[in-house]
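Residue numbers (the working numbering): 70 to 423.
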Amino acid sequence: NVKTVKGGIPVNGRRFSSLVQSYVGTIRSGQVPCLDNAVSAMAAIENGAALGEALALYAAGMGGLRLPAELGELSAAHGTCEADALRLFMQRSFKDEEQGFQAQLLAGITERYANLLAENEAVSEQSCRALLEQLSAAMQQKLSAGIYSQPGGYQAYARDQNQVVENYRAKPNKGVKAEEALEQFLASKKAEAEAVLKADNLLTEAEKQVAEEKQRAEMLEQQRKAAEEKRLQTEQLMKDQERSHQEHVTQLEAKLTEELASARREAVRALESKLTEQEAMMQKGFEEKARLMEDEISGLRREISSASKTDFLLSLFSTIGDGLRAVASVSDYLTSRRLSGKGASNPGKTQRRK
């Protein structure tokens, strides 16, 4: 049978080694060893290792993604990898008082996800700009050659620009900055388009006015699409945050419920043992010694009762949930990056596959 310490916590080979080292260290320092202190020291070592392994598992799972990627793809991978990492942490950790190590895990995963999102934005923006530059290269050549300066040049310019936009939209895998990059591209061409329109003597003033109105309408529509792109991404990040919170709470509730059940079973066994011992003492006439055991027996009964109360569990889960929700969100990390001047990761330095 696997040995356990107070609370029904199993002590396997790795944990037993930590426990022995703690005991030996205490003895060598000249102090009296205490089981509770040794278990706390063992928990700190085990939980630290569990935290490191869980973060490594998350990083490995997310490291194989190709960028740029759509946010939905990153979100799905994040949800799966976070759940796997959390499951590993829960399996190995124990006595994580006030969920300090779990909060570190949540913060670590959140920060890594935020960094990945920033890197994805950078790669997407760079890819979109390069694509637009490539698609509009022929227009720049015509502009330099004076093709658009001839009568009827604006009609040719507008036709070519519409073709650039159409070809751009037809290209897949542009990532999360597709609409914003196109908005910035069209805005950068505004003065150029106005100059070509003004120089076209084939058009009447009324026709030029209509063309200007069409330009403004198209620019406003592109701004709307870029804003909608950003809104949907913000909405997805909020959903990610809520899903992450629920995953942490759900897995922790299951773990605590099992731990409390295990502690209750351990307390019941201890109570049965103490009652048997007390009865034996009374039969042998050691009534005073048997009476002195009452406090310990009462304590075990209170421990069993507390572990069985549903309202206690609900209160505990609520407190834990509030504590985990206080961990910074992905949006907080992204905002912090921008304010600190880091922006997005430099895609030229990443080793991730493109």
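For glycine and all other residues, C-beta sits at the position ideal for the given N, C-alpha and C.
Note that the structure is predicted; figures quoted are calculated from it, not measured.
Residue interval of the alpha helix (DSSP H) (run including residue i)
{"i": "residue 245", "result": "First-last for residue 245: undefined, no H or E at that position."}
{"i": "residue 266", "result": "259-268"}
{"i": "residue 215", "result": "It is not in any alpha helix (DSSP H) - residue 215 carries neither H nor E in the DSSP assignment."}
{"i": "residue 229", "result": "222-239"}
{"i": "residue 193", "result": "169-204"}
{"i": "residue 58", "result": "In the structure as shown, the chain begins at 70 and stops at 423. Residue 58 is therefore absent and cannot be evaluated."}
{"i": "residue 362", "result": "Residue 362 -> no alpha helix (DSSP H), and no H or E assigned at all."}
{"i": "residue 277", "result": "274-352"}
Nearest-angstrom Cα separation, counted from residue j out to residue i
{"i": "residue 349", "j": "residue 175", "result": "51 Å"}
{"i": "residue 131", "j": "residue 291", "result": "32 Å"}
{"i": "residue 275", "j": "residue 281", "result": "10 Å"}
{"i": "residue 301", "j": "residue 231", "result": "26 Å"}
{"i": "residue 233", "j": "residue 254", "result": "11 Å"}
{"i": "residue 178", "j": "residue 121", "result": "11 Å"}
{"i": "residue 101", "j": "residue 344", "result": "In this prediction, residue 101 scores a pLDDT of 47, lower than 50, which makes its location untrustworthy; the coordinate-derived value is nonetheless stated afterwards. Those two C-alpha atoms are separated by around 30 Å."}
{"i": "residue 268", "j": "residue 209", "result": "17 Å"}
{"i": "residue 336", "j": "residue 180", "result": "40 Å"}
{"i": "residue 245", "j": "residue 226", "result": "28 Å"}
{"i": "residue 189", "j": "residue 293", "result": "22 Å"}
{"i": "residue 270", "j": "residue 220", "result": "6 Å"}
{"i": "residue 273", "j": "residue 279", "result": "10 Å"}
{"i": "residue 354", "j": "residue 346", "result": "12 Å"}
{"i": "residue 342", "j": "residue 165", "result": "29 Å"}
{"i": "residue 134", "j": "residue 216", "result": "44 Å"}
{"i": "residue 298", "j": "residue 222", "result": "33 Å"}
{"i": "residue 356", "j": "residue 363", "result": "11 Å"}
{"i": "residue 237", "j": "residue 247", "result": "9 Å"}
{"i": "residue 322", "j": "residue 328", "result": "10 Å"}
Expected contact under 8 Å - CB spacing of residue i and residue j to nearest Å
{"i": "residue 266", "j": "residue 283", "result": "With 8 Å as the limit, residue 266 and residue 283 do not qualify as a contact, their Cβ atoms being about 10 Å apart."}
{"i": "residue 243", "j": "residue 196", "result": "6 Å"}
{"i": "residue 316", "j": "residue 155", "result": "6 Å"}
{"i": "residue 112", "j": "residue 161", "result": "11 Å between Cβ atoms; not a contact."}
{"i": "residue 123", "j": "residue 158", "result": "4 Å"}
{"i": "residue 147", "j": "residue 401", "result": "Not a contact, Cβ separation roughly 16 Å."}
{"i": "residue 340", "j": "residue 361", "result": "Their Cβ separation, rounded to whole angstroms, is 16 Å, which puts residue 340 and residue 361 out of contact at 8 Å."}
{"i": "residue 187", "j": "residue 406", "result": "6 Å"}
{"i": "residue 249", "j": "residue 295", "result": "5 Å"}
{"i": "residue 182", "j": "residue 399", "result": "6 Å"}
Buried or exposed by the 16-neighbour rule on C-beta atoms within 10 Å, applied to residue i
{"i": "residue 259", "result": "exposed"}
{"i": "residue 324", "result": "buried"}
{"i": "residue 144", "result": "buried"}
{"i": "residue 286", "result": "exposed"}
{"i": "residue 418", "result": "Residue placement at residue 418 cannot be trusted, given a pLDDT of 40 that sits under 50; what the coordinates show is reported in the next sentence. Result: exposed."}
{"i": "residue 423", "result": "Residue confidence is low: residue 423 scores 49 on pLDDT, short of 50, so the model does not pin down where it sits. No coordinate-derived value is stated."}
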